[in-house]
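I have placed the structure first, in the form of structure tokens, so that the comments after it can refer back to it.
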Amino acid sequence: MTVFIIRRLMQSILVVFVMSFLVFGGVNLVGDPVEMMVSDEADQEERERVIRSMGLDKPWYAQYGIFVANALQGDLGKSFVYGEQALGIIVQRMPATFELALAALLMAIVIGIPLGVFAGLKPEARTSKVIMTGSILGFSLPTFWVGLMFIMVFAVVLGWLPSTGRGETVQLMGIDVSFLTFDGLSHLLLPAVNLALFKISLVIRLARAGTREIVHQDYIKFARAKGLSQERVILVHLMKNIMIPVVTVLGLEFGGLIAFSVVTETVFAWPGMGKLIIDSIQSLDRPVIVAYLMIIVLVFVVINLVVDVLYSILDPRVRLQDVKG
Amino acid sequence: MNTVAEQVEPLATPEAIEAKVETPFQRFVSSFLASKVATAALVVLAVLIFMAIFAPLISPTNPYDLAQVSVLDSKLPPGAKSFDGMTFWLGTDGAGRDLVSAMIYGLRISLGVGVMSGIVAMAIGAAIGLIAAFYGGRVENVIMRIVDIQLSFPAILVALILLAILGKGVDKIIIALIIVQWAYYARTVRGSALVERNKEYIEAATCLAIGHRRILFRHLLPNCLPPLIVVGTIQTAHAISLEATLSFLGVGLPVSEPSLGLLISNGFDYMLSGKYWISFFPGVALLVTIVSINLVGDQLRDVLNPRLER
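First to last, the sequence lines map onto chains A and B. The working numbering puts the first residue of the first sequence at -3, with every later residue one more than the last. The working numbering puts the first residue of the second sequence at 334, with every later residue one more than the last.
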């Protein structure tokens, strides 16, 4: 087990290192940030002062060396646009993204599981067919377009819900959150549903497949034979068993939610990390792009590492195979 | 002699055999057409592809010919008449372009980018997957580790990172989509090639001392095609959707190459003032494209995989 974890850890560190090299090297080939920082009337002396202050006069490998040395101390450079630490700006935006992703995850579970279980229990019912067709649509609809249509219907035509921003926030353990105020909640609803749509479809499919498999198991027949009520059989015996695959997959998909929040945040002007990276790409704010990409790589490497380790605990074959290979 | 030939003839004529036994291809076609939904999707897809290819001939106006576009006609609702009497069935966009025409041209770009990147990614991924399965050992380990690592990141994130680095452009988004997709093809091909590799015909080919390249591409590859085709269809739908998303985010195609995603993005600005059609109709076109490709892909999977019961 220890060998397995160490191997995976080494691999993760290698991935982070390779990515840091690719990201830094690549981003430095794009555009010329000096052009954006210096006004057109600036003389040569002014330009050189800016270049030096941003460290752009050194060769790229020296810039990379400084970048790595600083990154290890949590310093990923100052944003060209905001003039603050890039890492700080991203960390500041992180709670908004995580709040959105968690709300979407919660929705996927609360909406997806009951619908999926229903479709699994009565596969021939008309309602089930509607649910399954809906889930195909949920997979096929482009997230950003659905978001636009939500804004169109609920904000512009009906005027029920706000279309942009985070609304009123309150501090919870030093972090700004939206879900504790009514205003914040109404701002959160549309983006969260939008982001959750794909995962709801996924959960419906998982829950349906699980239900169809489990209703034929002996323990369900036995529970029925014992005279337990239908509700109890479904809510306790069946539910417990379909939760295993659903929770596993959703754990894996959390990273996907954070990645896709880029789209939802842009549509609903939600002030999270995703909107920040799109804005930064538009304005060629290199330190922020690099910092965002490094943080997201780190988040994913950690998620993957945790999932791998959990798998190897649950299923010893995985780790035996890996050590042999 | 004569009598023997007469006796045998009714059984052995090639025509008689052909009449009874349908070729694998005919069997494939008839079982594909067994599903009405899939057949309808195939027809829709064929129409869309036809429109995309012959866009300049079909579309009512050329939306990018400045002489045919008038700002006076901008933001007209569906069904409105233009300044010089032409009807805009789906309205016009912010620059006064006929939305029907803009959508047909947009479809051309969306499908083109999706199919192009799909084909190249399939070729690269299939070659790498075959090599991994055939040679095994260290080569396979390294390749599959890279595939695993890449697939552990969501496609949109990888594409976003690449485009942040590469910048905008048709060539760049195709490169990004290829890099995003090749791993799926490599994994699929390796999976089926691993099974095929141990079959007797490969053993026979190896015994005949046929070159590795010939075994890989003439013997192994054709037998790995069915799953590859299925993944290819579904991945192309993904690529089209991904391109639309990236273009919407403003990191994909440049303004001069307006795909459906970019058209939707342009309409976003007018949405809050109630001019829904500029975003709505290109989105419907995108949706129809993606759903029809997915339905065709689903049916292909069912037909090409006899083990799967339905």
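Note that the Cβ used here is the ideal one computed from N, Cα and C, for glycine as well.
Task: Three-state secondary structure (DSSP) of threonine 425/B - done: Stepping through the second sequence from its first residue, residue 425/B is reached at position 92. The answer is strand: DSSP assigns threonine 425/B an E or B state.
- [ ] Using a Cβ-Cβ cut-off of 8 Å, state whether serine 279/A counts as contacting chain B.
- [x] Counting from one through the first sequence, the residue named residue 279/A turns up at place 283. No, serine 279/A does not count as interfacial toward chain B.
Task: the segment 218 to 232 of chain A in contact with the segment 87 to 105 of chain A per 3-pair CB rule at 8 Å - done: no
Open item on the list: List, in chain order, every chain A residue whose beta-carbon is nearer than 7 Å to that of asparagine 627/B.
Closed with: Residue numbering aside, residue 627/B sits at position 294 when the second sequence is read from its first letter. Neighbours of asparagine 627/B on chain A, chain order: Ser136.
Open item on the list: With a threshold of 8 Å on Cβ separation, who are the neighbours of alanine 151/A within its own chain once the five nearest residues in sequence on each side are excluded?
Closed with: Working through the first sequence from its first residue, we reach residue 151/A at position 155. Closer than 8 Å at Cβ, skipping near neighbours: Leu157, Pro158, Ser159 and Leu186.
Task: Spatial distance of leucine 202/A from arginine 48/A (CA atoms) - done: Here the question's residue 202/A lines up with position 206 in the first sequence. Here the question's residue 48/A lines up with position 52 in the first sequence. Those two C-alpha atoms are separated by around 56 Å.
Open item on the list: Does the structure place the segment 492 to 511 of chain B close enough to the segment 453 to 465 of chain B that three or more beta carbon pairs sit under 8 Å?
Closed with: yes
Task: Same chain, Cβ closer than 6 Å to isoleucine 147/A, five either side skipped, listed in chain order - done: Here residue 147/A refers to the residue found at position 151 when the first sequence is read from its first residue. These residues qualify, in order along the chain: Ser159.
Open item on the list: Against chain A, which members of the segment 436 to 465 of chain B pass a CB distance test of less than 8 Å?
Closed with: none
Open item on the list: Counting beta carbon pairs with one atom in the segment 117 to 125 of chain A and one in the segment 586 to 601 of chain B, are three or more of them shorter than 8 Å?
Closed with: no
- [ ] Please state whether DSSP places lysine 217/A in a helix, a strand or coil.
- [x] Here residue 217/A refers to the residue found at position 221 when the first sequence is read from its first residue. Lysine 217/A: helix per DSSP, three-state reduction.
Task: is_contact[threonine 578/B, chain A] using C-beta, thresh 8 Å - done: Mapped onto the second sequence, residue 578/B falls at position 245. True, the Cβ-Cβ gap to chain A drops below 8 Å.
- [ ] Would you please state the rounded distance, in angstroms, between the beta carbons of valine 258/A and isoleucine 277/A? I believe it to be under 8 Å.
- [x] On the first sequence, residue 258/A is found 262 positions in, with the first residue counted as 1. On the first sequence, residue 277/A is found 281 positions in, with the first residue counted as 1. About 10 Å separates the two Cβ atoms, so there is no contact after all.
TODO: Select from the segment 121 to 145 of chain A all residues with a C-beta closer than 8 Å to any C-beta belonging to chain B, and list them in chain order.
DONE: Ile132, Leu133, Phe135, Ser136, Leu137, Pro138, Thr139, Phe140, Trp141, Leu144 and Met145
Task: Cβ-Cβ distance between leucine 463/B and leucine 554/B below 8 Å - done: Reading the second sequence from its first residue, position 130 is the one you call residue 463/B. Reading the second sequence from its first residue, position 221 is the one you call residue 554/B. It is a contact, given that the beta carbons lie within the stated cut-off.
Task: Helix, strand or coil at glutamine 340/B according to DSSP, with G and I counted as helix - done: The sequence position of residue 340/B within the second sequence is 7, counting from 1. Per-residue confidence for glutamine 340/B stands at a pLDDT of 48, beneath the threshold of 50, marking its modelled position as unreliable; the derived number appears in the next sentence. DSSP places glutamine 340/B in helix when its eight states are reduced to three.
- [ ] Give the straight-line distance between the Cα atoms of alanine 67/A and glutamine 88/A, rounded to the nearest whole angstrom.
- [x] Along the first sequence, read from residue 1 onward, the residue named residue 67/A stands at position 71. Along the first sequence, read from residue 1 onward, the residue named residue 88/A stands at position 92. Alanine 67/A and glutamine 88/A: Cα-Cα distance of roughly 18 Å.
- [ ] Let me know the beta strand (DSSP E) ranges lying completely inside the segment 595 to 634 of chain B, each 3 residues or longer, listed in chain order.
- [x] none
Open item on the list: Under 8 Å, with one C-beta from each stretch per pair, do the segment 516 to 524 of chain B and the segment 557 to 572 of chain B reach the 3-pair mark?
Closed with: yes
TODO: Indicate whether leucine 575/B and isoleucine 461/B have their beta-carbon atoms separated by less than 8 Å.
DONE: Here residue 575/B is taken as the residue at index 242 of the second sequence, counted from 1. Here residue 461/B is taken as the residue at index 128 of the second sequence, counted from 1. Not a contact, by the Cβ cut-off of 8 Å.
Task: Supposed close pair alanine 435/B, valine 480/B - CB separation, criterion 8 Å - done: Here residue 435/B corresponds to residue number 102 of the second sequence, with the count starting at 1. Here residue 480/B corresponds to residue number 147 of the second sequence, with the count starting at 1. That pair is no contact at about 39 Å.
- [ ] With a threshold of 16 other CB atoms inside 10 Å of the CB of arginine 360/B, please say whether the residue is buried or exposed.
- [x] Counted from its first residue, the second sequence places residue 360/B at position 27. Arginine 360/B is exposed by the Cβ-count criterion.
Open item on the list: Which of the three DSSP states is assigned to valine 173/A in this structure?
Closed with: Looking up residue 173/A in the first sequence gives position 177. Valine 173/A falls in the strand class under three-state DSSP.
Open item on the list: If we define contact as Cβ-Cβ less than 8 Å, is phenylalanine 601/B a contact residue for chain A?
Closed with: Numbered from its first residue, the second sequence carries residue 601/B at position 268. For phenylalanine 601/B, the answer is yes, since a Cβ of chain A falls inside 8 Å of its Cβ.
Task: Buried or exposed by the 16-neighbour rule on C-beta atoms within 10 Å, applied to threonine 539/B - done: By one-based count along the second sequence, residue 539/B stands at place 206. The residue is exposed, with fewer than 16 neighbouring Cβ atoms inside 10 Å.
- [ ] Reducing DSSP to helix, strand and coil, say where lysine 532/B ends up.
- [x] Taking the second sequence and counting its residues from 1, one reaches residue 532/B at position 199. Reduced to three states, the DSSP call for lysine 532/B is coil.
Task: Cα-Cα separation, asparagine 300/A to glutamine 483/B - done: For this step, residue 300/A is matched to residue 304 along the first sequence. For this step, residue 483/B is matched to residue 150 along the second sequence. When rounded, the distance between both Cα atoms is 11 Å.
- [ ] Kindly list the residues whose CB is nearer than 8 Å to the CB of isoleucine 382/B, restricted to its own chain and excluding five residues on each side of it in sequence; keep chain order.
- [x] Mapped onto the second sequence, residue 382/B falls at position 49. Result list for isoleucine 382/B: Leu444, in chain order.
TODO: Identify whether glutamine 81/A lies in helix, strand or coil by the three-state DSSP scheme.
DONE: As a position in the first sequence, residue 81/A is number 85, starting the count at 1. The answer is strand: DSSP assigns glutamine 81/A an E or B state.
TODO: Check whether the Cβ of alanine 497/B lies closer than 7 Å to any heavy atom of the ligand NAP, and answer yes or no.
DONE: This structure does not include the ligand NAP; it has no bound ligands of any sort.
Task: aspartate 504/B, DSSP secondary structure in three states - done: Locating residue 504/B in the second sequence gives position 171, where the first residue counts as 1. Reduced to three states, the DSSP call for aspartate 504/B is helix.
TODO: Output the distance between the C-alpha atoms of isoleucine 543/B and histidine 571/B, rounded to the nearest integer angstrom.
DONE: As a working mapping, residue 543/B is identified with position 210 in the second sequence. As a working mapping, residue 571/B is identified with position 238 in the second sequence. So the alpha carbons of these two residues sit roughly 38 Å apart.
- [ ] Hey, could you find the ends of the alpha helix (DSSP H) alanine 203/A is sitting in?
- [x] As a working note, residue 203/A is residue 207 in the first sequence. Note, alanine 203/A: alpha helix (DSSP H), 178 to 210.
TODO: Check whether the Cβ atoms of leucine 72/A and proline 267/A lie closer than 8 Å to each other.
DONE: One-based indexing of the first sequence puts residue 72/A at position 76. One-based indexing of the first sequence puts residue 267/A at position 271. For leucine 72/A and proline 267/A, no; Cβs fall outside 8 Å.
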